[in-house]
Amino acid sequence: DIGVTGVQTCALPIFTVKVDLLPPAPGRLAVVDANGSPIEPPVLPSRAVALKLSAATDTFGIDSAVAQVSTDSGATWTGSTAFIGSEPRTATITSAPTGTFMVRALVTDNAGLTAATNPVTVVVDIDAPTVTTVTTTASGSKKAGDIVAITVTFSEPVTSTGTSQLQLETGSTDRTAADR
């Protein structure tokens, strides 16, 4: 025989449950220079690609963000270079592929939901341009002050800063010509 007398009460804790069904807003991705300024278009002379991720947000917080690379126009993505810091987050891909590829940020919120930024196309060109042809229509002897048109073609587009110079074979003493 077990007898129960009286009334007993028990206070139960109240729980608030938040359900996150929306992925994070992935923000904007940019390839940046050493000062953090965007590079447009992102054509780089080394395999180190510096990135800045801005405005990645989620109601319940961002857990992580990683940089990923695609060399097949976005069909597959590889890599997990972590972004560090808070707003804006930064990352550097230290061994990027050479040639043209795409990079994106994959952002994960605290609920484990993910979203990717729009991809950015990057070109890593570590090969110096080479001269492929040198042509001129001039022939015969020239005197001081004569203008000789010379066309130099390179293996890829080049940008000249300052005055371009070309060493000319002029007999026993070579001379340097400058563009105008």
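Quick note on the numbering used here: the sequence shown kicks off at 98 and runs consecutively. We treat Cβ as the ideally placed atom computed from N, Cα and C, and that holds for glycine.
May I ask whether a heavy atom of the ligand FAD can be found less than 7 Å away from the beta carbon of residue i?
i	result
A275	Within the structure as shown, the ligand FAD is missing, as the structure has no ligands at all.
Bridge partners for residue i per DSSP, in chain order?
i	result
G209	G209 is not bridged to any residue.
G196	V221
S151	R125
F251	V228
S238	Paired residue(s): none; S238 is not in a bridge.
Identify which residue in the options has its Cα closest to the Cα of residue i.
i	options	result
I223	P194, R272, V231	P194
M199	T273, V217, G182, P142	V217
D169	G196, N132, G158, I159	G196
E253	L263, T230, A246	T230
K239	T258, A225, T267, S257	T267
Write down the C-beta distance between residue i and residue j rounded to the nearest angstrom, noting that I regard them as a contact closer than 8 Å.
i	j	result
R125	S151	5 Å
V249	V228	6 Å
G176	A164	6 Å
A145	T191	6 Å
If you check the beta carbons only, do residue i and residue j fall under 8 Å apart?
i	j	result
R201	T189	no
V220	V140	yes
D206	D130	no
P123	A153	yes
D155	P121	yes
D271	S261	no
A274	L263	yes
F157	A208	yes
Count the other CB atoms within 10 Å of the CB of residue i; is the residue buried (16 or more) or exposed (fewer)?
i	result
K149	buried
T233	exposed
F180	buried
I111	exposed
I244	exposed
V255	exposed
V166	buried
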